[in-house]
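Engineer: Quick note on numbering: the sequence shown equals residues 1 to 418 in full-length UniProt numbering.
Ideal placement from N, C-alpha and C gives every residue a C-beta, glycine not left out.
My structure is below; once you've seen it, I'll send some questions.
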Amino acid sequence: MSDSHDDLFNYSSGRWLVNNDLRLAERRREFDVDELCRLAAQSVGRSPQDIDTFVKLAEGGFNRTFLITMHGGFEMVARIPYPVTVPKFYAIASEVATMRFLRSSGLPVPEVYDYSSSSDNAAKTEYIFMEFMRRTKLSDVWLELEEPDIVSVLRQTAQLESRMMSIPFPAGGSLPSRRIVARPQEPSPPSFPLQPTGNRGPARLATCLDSTPPFLLAGIPDRLQNYDDPVSQALIPPSLPANVDRLDQSEQSDAMGLYHRRLVHFHYVKNTQEYNKFHHDALSDPVSMFVRRLFDQAGAPWEGETHALKASLIEATEIWGRLTGEGVPCPVVFEPEDLHKTKELSARLQIADEIFEGCRGIVGFETETWVSNEHYEMAMALAELLKLRVLTHIPEEEVRAKTEANWFLNDMDEKDYM
1 MSDSHDDLFN YSSGRWLVNN DLRLAERRRE FDVDELCRLA AQSVGRSPQD
51 IDTFVKLAEG GFNRTFLITM HGGFEMVARI PYPVTVPKFY AIASEVATMR
101 FLRSSGLPVP EVYDYSSSSD NAAKTEYIFM EFMRRTKLSD VWLELEEPDI
151 VSVLRQTAQL ESRMMSIPFP AGGSLPSRRI VARPQEPSPP SFPLQPTGNR
201 GPARLATCLD STPPFLLAGI PDRLQNYDDP VSQALIPPSL PANVDRLDQS
251 EQSDAMGLYH RRLVHFHYVK NTQEYNKFHH DALSDPVSMF VRRLFDQAGA
301 PWEGETHALK ASLIEATEIW GRLTGEGVPC PVVFEPEDLH KTKELSARLQ
351 IADEIFEGCR GIVGFETETW VSNEHYEMAM ALAELLKLRV LTHIPEEEVR
401 AKTEANWFLN DMDEKDYM
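So this is what it looks like as structure tokens:
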């Protein structure tokens, strides 16, 4: 193993257009590499001397994973949360308990060998040691899958969700660990490894990673839904444009991307209808989907404003009879002037959101302005070009100066928003 561990401690899978240094600092996690290796080996009854390699495997939104390879080819995963991930103590204990619960129920979930929900250990970090399955990651081939494989994957997804929903679970929330102590007792596309099946035949799901039990909330997973598209909303069977062969390369790429998104949305709903009627009934009920949205907004972390929640509460008062049945008084009342101002603001925010999405498409960034390392320089250049074009179309000097000073892709002091 290398004497320099900076690559193990630092985030290296991408960059951010806004406050890149801060985002990187939030994800730097130092730990005792030798001790973590010792604990990992101990968790599977091996010696630290059995470890051949310890390398970074992947970096997600909340955790960094490492691949540990031992003599004889045995492989396992060590997963460490970023310092910015909170609450680590309960999140790790609950996640381990949930994984073990689902695995004991017969679902294809990696085995957890050991974990620590506190950094008060020899490795000086929280961790989870778990089984590693060397398979093709679905996200690596997702956009290249043909329709039969897409149908196969989504059929298995619906079947897995049906199995999870059939598990007796008398209360909502997260699973607590029986022993919450320091020592042992997760759609880019969905994170499902694929079981190799040779060169022919449909792909087969091997393991579920970082999946939220869908029996908690109904809805199409974000990485699979295409609600913004009217064809998907109407569940019209997708097809490519008749003139696709005459389109230029860029137009063909756009057409194929839209076709793929429509296929995924369509076949998820159709497979859910066939294999998980309970979930499909909830998906098909507009009131049920509204309640889910209201539930999400009420429980989401505060991000500086409450407009979305307020707008949904107003909508709830307007359909109160459908939500509760006749004769139940609504406990929330809004003044007419407040209603008017809120709906007016909603309309303006919708326009702003559409403009933002357009800018995101032009520059090519994701959540929190994340971009891949390969796209970073191009994204920065596109962002600067976009700003210049916007500023040149603002005739008023004062407005132009304020726009430049508060440009949404500038670095900023986030303390003002805490």
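Going by other Cβ atoms of all chains shown within 10 Å of its Cβ, with 16 needed for buried, is Thr125 buried or exposed?
Structural biologist: Buried: at least 16 other Cβ atoms inside 10 Å.
Engineer: Could you say which of His307, Ser43, Leu160 lies nearest to Ser116 if we only look at CA atoms?
Structural biologist: Residue Ser43 is the option with its Cα nearest to Ser116.
Engineer: Should Val287 and Arg322 be called a contact, given that it needs their Cβ atoms to be closer than 8 Å?
Structural biologist: Yes, these two residues count as a Cβ contact at 8 Å.
Engineer: Rounded to whole angstroms, what's the CA-CA distance from Glu144 to Leu138? Just pull it up for me.
Structural biologist: Cα to Cα, Glu144 sits roughly 10 Å from Leu138.
Engineer: In whole angstroms, what is the alpha-carbon distance linking Ile351 and Val231?
Structural biologist: When rounded, the distance between both Cα atoms is 22 Å.
Engineer: Would you kindly report the start and end of the unbroken alpha helix (DSSP H) that includes Asp149?
Structural biologist: Where Asp149 is concerned, the enclosing alpha helix (DSSP H) stretches over 147-165.
Engineer: Looking at Val96: is its Cβ nearer than 8 Å to the Cβ of Ile128?
Structural biologist: Result yes, Cβ atoms of Val96 and Ile128 sit closer than 8 Å.
Engineer: Please state the DSSP three-state secondary structure of Phe101.
Structural biologist: Note: Phe101 maps to helix in three-state DSSP.
Engineer: Please tell me whether Ile80 and Arg64 are closer than 8 Å, where the distance is taken between their beta carbons.
Structural biologist: For Ile80 and Arg64, yes; Cβs fall inside 8 Å.
Engineer: Tell me the DSSP secondary structure of Arg38 in three-state form.
Structural biologist: Three-state result, Arg38: helix.
Engineer: Please report how far the alpha carbon of Leu154 lies from the alpha carbon of Phe101, in whole angstroms.
Structural biologist: If I take the Cα positions, the gap works out to 23 Å.
Engineer: I'd like to check one pair, Lys56 with Asp114: are the Cβ atoms closer than 8 Å?
Structural biologist: Cβ atoms of Asp114 and Lys56: not closer than 8 Å.
Engineer: Is the separation between the beta-carbon of Trp16 and that of Glu377 shorter than 8 Å?
Structural biologist: Cβ atoms of Trp16 and Glu377: not closer than 8 Å.
Engineer: Work out the CA separation of His307 and Ser94 for me, nearest whole Å.
Structural biologist: C-alpha separation (whole angstroms): 31 Å.
Engineer: Determine the contact status of Pro371 and Gly14, defining contact as a CB-CB distance below 8 Å.
Structural biologist: It is Val, not Pro, that sits at residue 371 in the sequence shown. A contact, by the Cβ cut-off of 8 Å.
Engineer: Return the chain-ordered list of same chain residues with a C-beta closer than 6 Å to the C-beta of Tyr259, the five sequence neighbours on each side being excluded.
Structural biologist: For Tyr259, where only same-chain residues beyond five positions count, the Cβ hits under 6 Å are Pro238, Leu240.
Engineer: Can you tell me which of the three DSSP states residue 436 falls into?
Structural biologist: Because residue 436 is not part of the residues shown, which for the chain are 1 to 418, the question remains open.
Engineer: Tell me the residue span of the alpha helix (DSSP H) that contains Tyr113.
Structural biologist: Looking at the DSSP string, Tyr113 is not in any alpha helix (DSSP H); the run it does join, the beta strand (DSSP E), is 112-116.
Engineer: Using 8 Å for Cβ pairs, my map puts Ile220 next to Leu283. What's the rounded Cβ distance?
Structural biologist: Contact holds; Cβ gap of about 7 Å.
Engineer: What does DSSP give as the partner residue(s) for Asn63 in the beta ladder?
Structural biologist: Bridge partners of Asn63: Pro81.
Engineer: Can you tell me which of the three DSSP states Tyr275 falls into?
Structural biologist: The answer is helix: DSSP assigns Tyr275 an H, G or I state.
Engineer: Verify whether the separation of the beta carbon atoms of Asn19 and Ala158 is less than 8 Å.
Structural biologist: No; because the gap between Cβ atoms is not below 8 Å, this pair is not in contact.
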